[in-house]
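Undergrad:
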Amino acid sequence: MGNLIPDKDKRISGANEIGKKLYKENWQSLIENLESLDPNFAEFVKEIPYGSMYTRKELSIEYREIAAITALTQLNLRPQLKSHIIGALNVGVKKTEILDLFLHIAMI
0 MGNLIPDKDK RISGANEIGK KLYKENWQSL IENLESLDPN FAEFVKEIPY GSMYTRKELS
60 IEYREIAAIT ALTQLNLRPQ LKSHIIGALN VGVKKTEILD LFLHIAMI
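Note that numbering that gives the first Met the number 0 numbers the sequence shown so that position 13 is 12, with each residue one more than the last.
Listed below in structure tokens is the structure:
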């Protein structure tokens, strides 16, 4: 299963790599917005979800975004959902796949 939590330098560099793939030029402003609200939370977001979990190799980034969209839809967390839809599109998930995902979620 590999090292579940990489060292801090790897977490930060991995987070930045993944963040730029998902959010393009908006990654840095997203982190800066979080830092202005709470620097510790911004550090947590970089290190754990993006630096430790999104960098794992067992699931593709596309699959992770589909999972995030599914969960955020069920939780009705619209701002985060919008962000992850954009991220999914940026990493190659097709708009038609996302629409079909919503249809599938609605059935459950």
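No residue lacks a Cβ here, since even glycine has one placed at the ideal position from N, Cα and C.
Keep in mind that this is a model prediction, so the values were computed, not measured.
Going straight from the alpha carbon of GLY91 to that of GLU61, what length do you get?
TA: Position 92 of the sequence shown holds residue 91. Position 62 of the sequence shown holds residue 61. Rounded to whole angstroms, GLY91 to GLU61 spans 7 Å at the Cα level.
Undergrad: With three or more beta-carbon pairs closer than 8 Å as the criterion, would you say the region 13–33 touches the region 50–57?
TA: At 8 Å Cβ cutoff, the stretches touch.
Undergrad: Please name the residue, chosen from ILE97, GLU46, PHE40 and GLU34, that lies closest to ALA67 on a Cα-to-Cα basis.
TA: Here residue 67 refers to the residue found at position 68 when the sequence shown is read from its first residue. Answer by Cα proximity: ILE97.
Undergrad: Using the Cβ count rule (16 or more neighbours within 10 Å means buried), how would you classify LYS7?
TA: Taking the first residue of the sequence shown as position 1, residue 7 is located at position 8. LYS7 is exposed by the Cβ-count criterion.
Undergrad: Along the chain, where does the alpha helix (DSSP H) that runs through TYR22 open and close?
TA: Numbered from 1 along the sequence shown, position 23 holds the residue referred to as residue 22. 7–22 is the span of the alpha helix (DSSP H), which, as asked, contains TYR22.
Undergrad: What is the C-beta distance between LEU88 and LEU80, in whole angstroms, given that I count them as a contact (C-beta under 8 Å)?
TA: As a first step, residue 88 must be located in the sequence shown, where it is residue number 89. As a first step, residue 80 must be located in the sequence shown, where it is residue number 81. Contact doesn't hold; Cβ gap of about 13 Å is too wide.
Undergrad: Is TYR49 near GLY18, with beta carbons less than 7 Å apart?
TA: Translated into the one-based positions of the sequence shown, residue 49 becomes position 50. Translated into the one-based positions of the sequence shown, residue 18 becomes position 19. Yes.
Undergrad: Can you give the Cα-Cα distance for THR69 and LYS23, rounded to whole angstroms?
TA: Translated into the one-based positions of the sequence shown, residue 69 becomes position 70. Translated into the one-based positions of the sequence shown, residue 23 becomes position 24. Answer to the nearest angstrom: the Cα atoms are 22 Å apart.
Undergrad: For GLU46, which residues in the same chain have their Cβ closer than 8 Å to its Cβ, ignoring the five residues on either side in sequence?
TA: For the purposes of this step, residue 46 is taken as the residue at position 47 of the sequence shown. For GLU46, where only same-chain residues beyond five positions count, the Cβ hits under 8 Å are LYS7, ARG10, ILE11 and ALA14.
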